Each structure stands twice: as C-alpha cells, then as structure tokens.
Amino acid sequence: MKYVVLFGPPGSGKGTQSENIIKKYGYGHISTGDVLRAEMANNTELGKTAKDYIEAGKLVPDSLIIDMLAKTMDSFADAKGVIFDGFPRTVAQAVALKDMLAQRGADVSVMLNLIVEEQELINRLIERGKTSGRSDDNLETIKKRLDTYNEQTSPVIDFYKEDGKLANIQGMGSIEDIFASICVELDK
Ligand code: ATP
Ligand code: MG
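Start counting the sequence shown at 1283; every next residue gets the next number (our numbering).
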C-alpha cells in the first residue's frame, strides 16, 4: 500500500491534484482542511476551536490534528493507497505520522512537494475566494497563512528530504502537466 504525502503552500493545488490521483489510482484520501471545514459547518467542539485558528491564518494545534488523523487511519485498511492532503504541516505532525504508520508496519512512500511562486499563490487564493465561500481566502488571511507556511510548515520539507522521501514537483503550468509529473513519481 502506498502512503503519499501531498505537500505544498496554501493554494499550491493539493486539493485539485488529490482529485486527479483519486480518479486514476483509486486511493483513499484525507484532507485535514476538509475535515476541519466539515467540523466547522456542523458547529462541533473541534469546529468551534478550529475556526479561530483558521480565520487567523494559523495552524490548528498539533494534538487536535493528530487525534483527528489517528481516528481515520483504520478506515483505510483496505485501500490501495492513501493520500495525505494538507498533513503533515509541522515537523511534529510528520513524526506522529511516521509513528502511526510504523505501528502498522508501514512508512510514507513519497512526499510530493508542489512548488509554486508566492505571487501566483496569492493570485490563485484571491480568485478562489470569489467563489469558495471560505472565510480564510481573503488577502489579509492569505498573507498570514503564507507566513505560517514559511515559518512552521516548510521545515517539513527537510524532514522528508533526510528521510529520502522528497520529490519536488513543478506546481506552475497546466493542471494536466502538473498531474503528469505526479504520475511519474507515483509510478516509480
Ligand atoms: P490548498 O489550497 O493547497 O488545498 P489550503 O492551505 O488552502 O491548501 P487547507 O489544507 O484546506 O487549505 O487548510 C485550511 C486551514 O486549516 C489551514 O490554514 C489551517 O488553519 C488548518 N489546517 C489544515 N490542516 C492542518 C494541519 N495539518 N495542521 C494544522 N492546521 C491545519
Ligand atoms: Mg485544500
């Protein structure tokens, strides 16, 4: 079973490329952002807690995210593969994921790092904000999310590099071309 970490800054196309991977490879998928938004929509305790962090462009605390992940891991037992979309976002989360998989005799197969220039990210997220209805897709929050990414999330790249799992993917260009680069890595 393949365990794929789909990584990149906000707006790098993780959600879009996850859909392509699911269609072609039939993998299971977990987007921590999607789970948190569903919790917010249902006004659960977790959703209420997450809302303040998300709208401030900050990360939701590791303990909450790791609990969330642990609860869904077993639902993938029969999948051909699993895509982790938007997780891990801190080195602590990456370590927790490695432990969770090790308990199942498994490990991350590859970390796909989508590389996109910052101005392009801002343009995409502002464009998405016009229709997404997401309370974090506005210029002020976008800038904070990018700062959070640079400070807390980008060190995750080195974690996977040292672990021999890093695959850089050019994340600018057509969705089809980017997906083709992803397929090259997944087919290895
Ligand atoms: P993309 O557009 O590439 O899918 P994104 O940054 O727009 O990425 P999500 O992955 O949906 O969006 O995350 C939205 C917000 O949810 C984050 O800004 C963060 O506050 C919170 N979040 C999601 N995943 C995590 C995580 N693993 N750890 C902490 N907070 C998270
Ligand atoms: Mg997303």
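Glycine is no exception: its CB is placed at the ideal position from the N, C-alpha and C atoms.
Predicted model only: the values in this text are computed from it and were never measured.
At least one heavy atom of ligand 1 lies less than 6 Å from the C-beta of TYR1335.
With respect to the C-alpha of LYS1447, the residue from GLY1315, ALA1376, VAL1342 and MET1350 having the closest C-alpha is ALA1376.
Taking all protein chains in view, the Cβ of SER1300 is crowded by 16 or more other Cβ atoms within 10 Å, so the residue is classified as buried. At a cut-off of 6 Å, the beta-carbon of LYS1380 does not count as near ligand 2: no heavy atom of the ligand is closer than that. About 4 Å separates the CB atoms of GLY1310 and PHE1358; that is less than 8 Å, so the two are in contact. Put simply, the backbone Cα of ASP1445 is about 15 Å away from that of SER1436. Between the beta-carbon of PHE1289 and that of ASN1395 there is about 5 Å, and that keeps the pair under the 8 Å contact cut. For PHE1289, the beta-bridge partners assigned by DSSP are ASN1395.
For LYS1306, no pairing in a beta bridge is given by DSSP. Boundaries of the alpha helix (DSSP H) around VAL1466: 1457-1468.
Across the structure, THR1430 and GLY1339 are spaced so that their CA atoms are roughly 7 Å apart.
The beta carbon of ARG1416 sits closer than 8 Å to the beta carbons of ARG1319 and ARG1410 from its chain, once the five residues preceding and following it are set aside; these are given in chain order. Note: LEU1341 is not bridge-paired with any residue in the DSSP secondary-structure output.
Looking from the CA of ILE1348, the closest CA among ALA1374, ASN1302 and MET1283 belongs to ALA1374.
At a cut-off of 6 Å, the beta-carbon of PHE1441 does not count as near ligand 1: no heavy atom of the ligand is closer than that. Beyond the five residues adjoining it in sequence on each side, LEU1403 comes within less than 7 Å, by CB distance, of PRO1291, PRO1292, GLY1293, SER1294 and LEU1428 in the same chain, given in chain order. For THR1298, the closest alpha carbon among the candidates ILE1464, ILE1457, ASP1469 and SER1463 is that of ILE1457.
For ASP1367, the beta-bridge partners assigned by DSSP are LEU1288 and SER1313. Looking at the DSSP output, ILE1451 shares a beta bridge with LEU1396.
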